[in-house]
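To start, the structure itself, in structure tokens.
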């Protein structure tokens with residue numbers, strides 16, 4: 001740093017940038033900034049670049065690759081970003097370390113608009129829903145590999161009708177969740193020996209936690225799947241966009257298994273009951289036919305005896321006639 005005779009400090013560009021950098025980091029080392037996401041960019045580096053804006057101003061923001069956030073990035077979302085200010089290429093920016101949804105009113109409006117849009121396109125039409133197979137022997141499950149959901153699903157499958165369960169592990173919340181679920185659905189559809197049905201599941205959570213399942217691209221991927229999909233997101237009162245796009249919606253992950261698989265004991269009991277009913281019906285038919293045959297036999301026997309009697313009478317008459325003709329007197 002240099003100074004003139006009038007004591008006005010002089011800085012190089014690098015020096016002033018460094019001063020500002022230190023000032024930013026010391027003064028704004030942990031702040032929250034509220035604004036609307038726009039200009040979202042995801043280069044191959046994995047970092048996420050965007051701007052936060054309000055009615056008057058805009059600030060650049062970046063979320064480094066590897067940062068785990070609860071909220072999925074989406075243009076138009078109003079969020080509260082936690083982080084710190086930094087200077088890069090003589091411009092200040094917000095380094096985001098955490099993010100939460102700011103207002104649910106605007107989100108609800110966005111969600112309603114997306115639902116209307118996809119509905120108009122016929123994406124939710126009952127006519128395009130695929131029927132679930134009666135007894136799938138291979139079930140694809142897209143969910144977190146850890147936690148209660150996958151354990152509950154596997155346990156319920158064993159209880160109802162043991163089948164082969166293929167798990168595609170994904171994140172079920174955060175900014176990468178929807179992309180991972182999309183990849184899983186496409187992956188299952190590309191298998192040479194694909195599962196007969198897919199369950200997309202996660203447990204209950206906040207509006208933020210479930211937000212990835214309101215993604216438009218995910219909804220379109222669900223609708224385009226050649227394999228029937230059952231959505232099981234959250235609790236009974238939770239609804240997401242993919243619930244409408246899926247072929248069937250289950251209130252909970254365990255309820256999804258109950259929709260996909262019959263209960264073996266009840267199925268066996270039903271088959272046995274049908275077998276007994278069929279056997280009784282068959283025996284009844286056999287007895288009816290036996291009675292009918294006996295009745296016909298009786299009728300035929302009676303007719304046979306009658307014919308024999310008539311033949312005997314006719315024969316006797318013929319014999320008498322022949323005798324009379326030979327000896328008329």
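Residue numbers (UniProt numbering): 1 to 329. Glycine included, each C-beta is placed from N, C-alpha and C at the ideal position.
Pairing CB atoms from the stretch 129 to 144 with CB atoms from the stretch 100 to 108, are three or more of them under 8 angstroms? no
Name the residue from 36, 176, 232 and 178 whose alpha carbon lies nearest to the alpha carbon of residue 153. 232
For the stretch 202 to 213 against the stretch 160 to 179, do three or more pairs of beta-carbon atoms, one drawn from each stretch, fall closer than 8 angstroms, so that the two count as touching? yes
So what does residue 197 bridge to, in DSSP terms? 139
Can we say the stretch 69 to 83 touches the stretch 26 to 46, given the rule of at least three CB pairs closer than 8 angstroms? yes
Could you tell me if residue 299 is buried or exposed, where buried requires 16 or more neighbouring beta carbons within 10 angstroms of its beta carbon? exposed
Taking the C-alpha atoms as reference points, what is the distance between residue 66 and residue 245? 30 angstroms
Are residue 209 and residue 70 closer than 9 angstroms when you measure CB to CB? yes
I need the DSSP call for residue 171, collapsed to helix, strand or coil. coil
Pick helix, strand or coil for residue 98, following the three-state DSSP scheme. Taken through DSSP and simplified to helix, strand or coil, residue 98 comes out as strand.
Mind checking which residues open and close the beta strand (DSSP E) that includes residue 38? 31 to 41
Measure how close the beta-carbons of residue 188 and residue 234 come, nearest whole angstrom, since I'm counting them as under 8 angstroms. That belief does not hold up - the Cβ atoms of residue 188 and residue 234 are roughly 22 angstroms apart, past 8 angstroms.
DSSP state of residue 83, grouped into three classes? Three-state DSSP puts residue 83 in a strand.
Could you tell me the alpha carbon to alpha carbon distance between residue 165 and residue 138, rounded to whole angstroms? 6 angstroms
Compute the Euclidean distance between the alpha carbons of residue 72 and residue 276, then round it to the nearest angstrom. 57 angstroms
Quick one: Cα of residue 124 to Cα of residue 224, how far? 11 angstroms
Pair within 9 angstroms by beta-carbon distance, residue 110 and residue 82: no
With distance defined between alpha-carbon atoms, name the residue in 44, 29 and 146 nearest to residue 97. 29
Residue 230 vs residue 260 beta-carbon contact at 9 angstroms: yes
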